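Here is the structure we will look at.
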Amino acid sequence: MTLNLSHSLIGESRETLQAILKTWEPYRIRQLFSWIYEKGSPNFEIMSSLPKPLRHALSEAFNLERLLVSKAQISSDGTQKWLLKLHDAHEIETVHIPELTRGTLCVSSQVGCTLTCKFCHTGTQTWVRNLEPGEILGQVFVARDVFGEWPSPEGKRHVSHLVFMGMGEPLYNYENVSKALKILMDPQGLRFSRQKITLSTSGVIPQIEACGRELGVRLAVSLHAVRDDVRDVIVPLNKKYPLKDLLEIVRAYPKISKTDYVTFEYVMLKNINDSEKDAKELARLIRGIPSKINLIPFNPWPGASYECSDPKRMEKFSEILKHHGYAAPLRKTRGQDILAACGQLKSESMRQSKSKLKACSETM
Ligand code: SAH
Ligand code: SF4
Numbered sequence: 025m026t027l028n029l030s031h032s033l034i035g036e037s038r039e040t041l042q043a044i045l046k047t048w049e050p051y052r053i054r055q056l057f058s059w060i061y062e063k064g065s066p067n068f069e070i071m072s073s074l075p076k077p078l079r080h081a082l083s084e085a086f087n088l089e090r091l092l093v094s095k096a097q098i099s100s101d102g103t104q105k106w107l108l109k110l111h112d113a114h115e116i117e118t119v120h121i122p123e124l125t126r127g128t129l130c131v132s133s134q135v136g137c138t139l140t141c142k143f144c145h146t147g148t149q150t151w152v153r154n155l156e157p158g159e160i161l162g163q164v165f166v167a168r169d170v171f172g173e174w175p176s177p178e179g180k181r182h183v184s185h186l187v188f189m190g191m192g193e194p195l196y197n198y199e200n201v202s203k204a205l206k207i208l209m210d211p212q213g214l215r216f217s218r219q220k221i222t223l224s225t226s227g228v229i230p231q232i233e234a235c236g237r238e239l240g241v242r243l244a245v246s247l248h249a250v251r252d253d254v255r256d257v258i259v260p261l262n263k264k265y266p267l268k269d270l271l272e273i274v275r276a277y278p279k280i281s282k283t284d285y286v287t288f289e290y291v292m293l294k295n296i297n298d299s300e301k302d303a304k305e306l307a308r309l310i311r312g313i314p315s316k317i318n319l320i321p322f323n324p325w326p327g328a329s330y331e332c333s334d335p336k337r338m339e340k341f342s343e344i345l346k347h348h349g350y351a352a353p354l355r356k357t358r359g360q361d362i363l364a365a366c367g368q369l370k371s372e373s374m375r376q377s378k379s380k381l382k383a384c385s386e387t388m
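Each residue of the sequence shown is one higher than the one before, starting from 25 at the first, in my numbering.
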């Protein structure tokens, strides 16, 4: 395969397109933007509303190349996993989870992760780099291409929801993630409603407010523990941003972002965070915050020092939360046969390509 060294326009905002194409009239920029992001044009030639000389000039200098799918797998439950190659040969993974009424795409925001959550396989690997806006959008482009959803159809869609729950901490790559999100939410772009996008964070307090104010997407917080001494160990970022401060900003989030609830993610770790006392304390801590709780069965990986809680324990935990008025479903693990669940992807991908990958299981 020959490497195309021209500049990809996927990832460029309206403003940058205008800055790159200085002599173009604003309405021509709008047309180009819509051809790229609303219609998902694979090349410039088919942009029929643009005069031929302009199309030709674009083709000479730029491209609309997609991320290369190095491997595609489909699980018996319909979950799909794509291993995508970046221009510098690093690889990331994107997972599509179909459900009866919707389809969720789980996207990555970094290659690796700087944080070191003890139960997460990504956390045991060294961080490689932030993804560019075009590489974040590129994951959605791959899915839309596969399902032929250009422009995004009305009614039921294969890619109706996005969750930033793949590899990496999205709030540590805020600038690029927010550039991509603005294009994803643009009415002439990929047209995702902000209510259908969920950003998951392990608790990067300084960016949470900006995320709510500037982007207004749904927030998921990887809480995983109700006491600082436990969270300090399993989510070491807690030493910098402890529970009390984290919950204070999360409490304000629905108002800042104008969203109706936040989601708390809670990975069920045997004898670490799964007691009845923990469940009651969780209900107490989040009292007054409009929220849903996602209980995630821990997905083991080679060398992990944790085990998943017993099913009865998890049910009891969920019941206690329900009793306190919270929706607290146990997340079903999806795509297990193709290793597409949280913490599973990477081990297989490492064997195959030494890349540093992880993915997520079910949707929010
Ligand atoms: N960095 C962000 C988003 C990516 S992780 C964050 O931490 O929120 C997405 C979710 O998967 C997080 O809630 C994370 O804690 C969870 N997760 C990671 N490894 C897991 C594992 N082995 N089993 C179950 N859930 C896991
Ligand atoms: Fe990074 Fe999230 Fe994994 Fe923690 S759980 S190491 S923040 S990807």
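We put the beta carbon where it would ideally sit given N, CA and C, even for glycine. In this text the structure is predicted, and so the values were computed from the model without any measurement.
- Any heavy atom of the ligand SF4 counts here; residues with a Cβ closer than 5 Å to one of them, in chain order, are C137, L139, C141, C144, T146, G147, E193 and S226.
- Counted as a single uninterrupted DSSP element, the alpha helix (DSSP H) harbouring K336 occupies residues P335 to H347.
- Apart from sequence neighbours up to five positions away, the residues of its chain that approach R242 with a beta-carbon distance below 6 Å are T222 and T283, ordered along the chain.
- The closest CA to that of R218, considering only N200, R237 and Q360, is found on R237.
- The beta carbon of A352 lies closer than 7 Å to those of I317, L319, S342, L345 and K346 in the same chain, with the five residues before and after it left out.
- One thing to note: L33 has its Cβ within 8 Å of the Cβ of L88.
- Its Cα nearest to that of G349, the residue I310 stands out among E339, Q360, I310 and C332.
- No heavy atom of the ligand SAH is found nearer than 7 Å to the CB of W151.
- Excluding the 5 residues flanking it on each side, S202 has same chain C-beta neighbours closer than 7 Å at E238 and L239, in chain order.
- In this model, I280 and S132 are separated by some 25 Å (Cα to Cα).
- The stretch 166-173 makes no contact with the stretch 222-232; the number of CB pairs closer than 8 Å stays below 3.
- DSSP places E289 inside the beta strand (DSSP E), whose first and last residues are V286 to M292.
- Taking 7 Å as the cut-off, one finds at least one heavy atom of the ligand SAH near enough to the beta carbon of I320.
- Each residue's CA atom was taken as its position, placing L124 and D101 some 12 Å apart.
- Counting along the chain, V93 sits inside the beta strand (DSSP E) bounded by residues L92 to I98.
- Straight-line spacing of the CA atoms in S30 and S246 works out to 39 Å.
- If one requires a minimum length of 4 residues, the alpha helix (DSSP H) runs lying completely within the stretch 244-329 are 252-258, 267-281 and 300-309, in chain order.
- At a threshold of 7 Å, N67 does not count as near the ligand SAH, since its beta carbon sits no closer than that to any of the ligand's heavy atoms.
- Cβ contact annotation for S176 (same chain, cutoff 6 Å, sequence separation greater than five): R215, in chain order.
- DSSP lists C130 and T222 as the beta-bridge partner residues of V187.
- Per DSSP, reduced to three states, the secondary structure at L208 is helical.
- In the structure shown, the three-state DSSP call for L107 is strand.
- By the CB criterion at 8 Å, I362 and T103 fall inside the cutoff.
- Taking non-hydrogen atoms of the ligand SAH into account, the C-beta of S246 is found less than 7 Å away from one of them.
- Inter-residue distance for V291 and I258 is about 10 Å (C-alpha atoms, whole angstroms).
- Here the distance from the Cβ of M338 to the nearest heavy atom of the ligand SAH is not below 7 Å.
- Here the alpha carbons of R308 and I160 stand approximately 37 Å from one another.
- Within the model, the alpha-carbon separation for R54 versus E36 is close to 12 Å.
- Distances from the CB of S333 to the heavy atoms of the ligand SAH are all 7 Å or more.
- In this structure, W174 sits away from K304, with a CB-CB distance that is not shorter than 8 Å.
- Spatial neighbours of Q163 in its own chain (CB-CB distance under 6 Å, excluding positions within 5 residues in sequence) are listed in chain order as T118 and V131.
- Take D256, set aside five residues on each side of it, and the residues of its chain with a beta-carbon closer than 7 Å to its own are N262 and K263, in chain order.
- Ranked by Cα distance from K95, the first of E115, L82 and I229 is E115.
- Excluding the 5 residues flanking it on each side, R337 has same chain C-beta neighbours closer than 7 Å at D298, in chain order.
- For the pair G213 and E49, the Cα-to-Cα distance works out to about 19 Å.
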